[in-house]
Amino acid sequence: MKHLLKMLDLSKDEIIDILNLADQLKYELAHGIEHKLLAGKTLGMIFQKASTRTRVSFETGIYQLGGYGLFLSSNDLQIGRGEPVEDTARVLSRYLDGIMIRTFAQEEVETLARVGSIPVINGLTDFCHPCQVLADLMTVREHKGSLEGLKMAYIGDGNNMANSLVVGCLKVGMDVSIACPAAYRPDPQVLEFAQGFGDRFTLTEDCRTAAKDADVIFTDVWASMGQEGEAEKRRQAFAGYQVNAELLAAAKPDCMVQHCLPAHRGEEITAEVFEAHANEIFDEAENRLHAQKAVMVTLMKD
Ligand code: CP
Ligand code: NVA
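Sequential numbering of the sequence shown, starting at 1, is according to our numbering.
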């Protein structure tokens, strides 16, 4: 594994290896066992979109591993003024040991990896959010003990989170059910991948069908970063695609609820459900740190 660009690129074994290492690093951190596995290494973190969790967890994570993280806002980089990503890739490869990038187009991340000579980590694009889904799988495994055979239901927009969850969950042996309006389905590339899993994958417009007997329910915002102008139209399109107490009644009694955050209470999730599952949701946020440390060690350690 040279880069983390999208879940489609990872094998089941690569995913499980990252989860196992993440568990170990989490244990070591909790027990004061130092793990400066990336001493002297530098990670550049390019942000073309806002972030709380991704920025803070990567910066803290590389520090805990003995390395150094450079926060590179696209407002300050020449890339923001039109310098080609190919040139940026070749320059940054001469200074850094790894790049994390959050941007719009998946193609930009793929180009950075193709042209540069150091590992590239996708910190979210319009297409996918693999770091988040590794943390999600870690959290579900932590709470449920294993992943194989569990049912994951995703309610809402077929966006970057849906794309990554579908692929990640199917690869580790979970069943996947997606409920979304017909006009907001996951990416065709992801649907084609999922269709290969037969009846382990379901796509429906009906939330209750998707949530039925679920072990874990995921949702995400109705309007992602960059879609702010469509917020009102989306509010109408997604009315009814809400994780609420009534929907949870269709799931297993011990069903978990996960949200990558930030959450919009009263839209994709009710405040009541959010608070009832806050422990699981903030474990999920915490696990970004541990999962990404495992990714950095996997990709950047000599
Ligand atoms: N979930 C997530 O990626 O959060 P941020 O946008 O705050 O980084
Ligand atoms: N789908 C959301 C995820 C945020 C972490 C977005 O892209 O804005």
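Glycine is no exception: its CB is placed at the ideal position from the N, C-alpha and C atoms. Here the structure is a predicted model, which is why all the values come from computation and not from measurement.
Measuring C-alpha to C-alpha distances from residue 133 to each of 298, 301 and 289 identifies 289 as the nearest. Per DSSP, the unbroken alpha helix (DSSP H) holding residue 136 starts and ends at 130-144. For the region 19-59, the continuous beta strand (DSSP E) assignments of 3+ residues that do not extend past its boundaries occur at 42-47, in sequence order. At least one heavy atom of the ligand CP is found less than 8 Å from the C-beta of residue 262. Judged by the Cβ position, residue 53 qualifies as a neighbour of the ligand CP at the 8 Å threshold, a heavy atom of the ligand being closer than this. Non-local beta-carbon contacts of residue 130 in its own chain, meaning distances under 7 Å to residues more than five positions away in sequence, involve 4, 6, 7, 122 and 164 in chain order. The beta carbons of residue 281 and residue 242 sit about 16 Å from each other, so the pair does not count as a contact at 8 Å. Pairing residue 194 with residue 166 gives a Cβ-Cβ distance under 9 Å. Among the bridge pairs identified by DSSP, residue 154 is matched with 178 and 218.
Annotated as distal: residue 65 and residue 89, with beta-carbon spacing of 9 Å or more. Residue 301 sits exposed, since fewer than 16 C-beta atoms from the chains shown fall within 10 Å of its C-beta.
Taking a C-beta distance under 9 Å as the contact criterion, residue 262 and residue 52 qualify as a contact pair.
Short of 7 Å from the beta carbon of residue 38, and not among the five residues preceding or following it, lie these beta carbons of its own chain, in chain order: 62, 65, 66, 67, 296, 297, 300 and 301. Straight-line measurement puts the Cα of residue 286 at about 14 Å from the Cα of residue 24. Annotation: the continuous beta strand (DSSP E) that includes residue 120 extends over 120-122. Assignment of residue 227 by DSSP, reduced to helix, strand and coil, places it in the coil class. In the structure shown, residue 115 falls within a helical segment according to DSSP collapsed to helix, strand and coil. The residues 135, 136, 139 and 258, in chain order, have a CB closer than 7 Å to that of residue 284 in the same chain once the five nearest residues on each side in sequence are set aside. Taken atom to atom, the span from the alpha-carbon of residue 181 to that of residue 97 is near 42 Å. Between residue 102 and residue 77, the C-beta gap is not smaller than 9 Å, which leaves the two residues out of contact. Comparing alpha-carbon positions, the option among 226, 186, 116 and 99 lying closest to residue 154 turns out to be 186. Taken from the Cβ of residue 24, every heavy atom of the ligand CP lies 8 Å or farther away. Between residue 157 and residue 215, the C-beta spacing is not below 9 Å. Residue side-chain check: residue 93 keeps its Cβ at 8 Å or more from all non-hydrogen atoms of the ligand NVA. In the three-state DSSP reduction, residue 172 falls in the coil class, being neither helix nor strand.
Residue 1 holds the alpha-carbon nearest to the alpha-carbon of residue 17 among 1, 260 and 143. Between residue 95 and residue 40, the CB-CB gap reaches or exceeds 9 Å.
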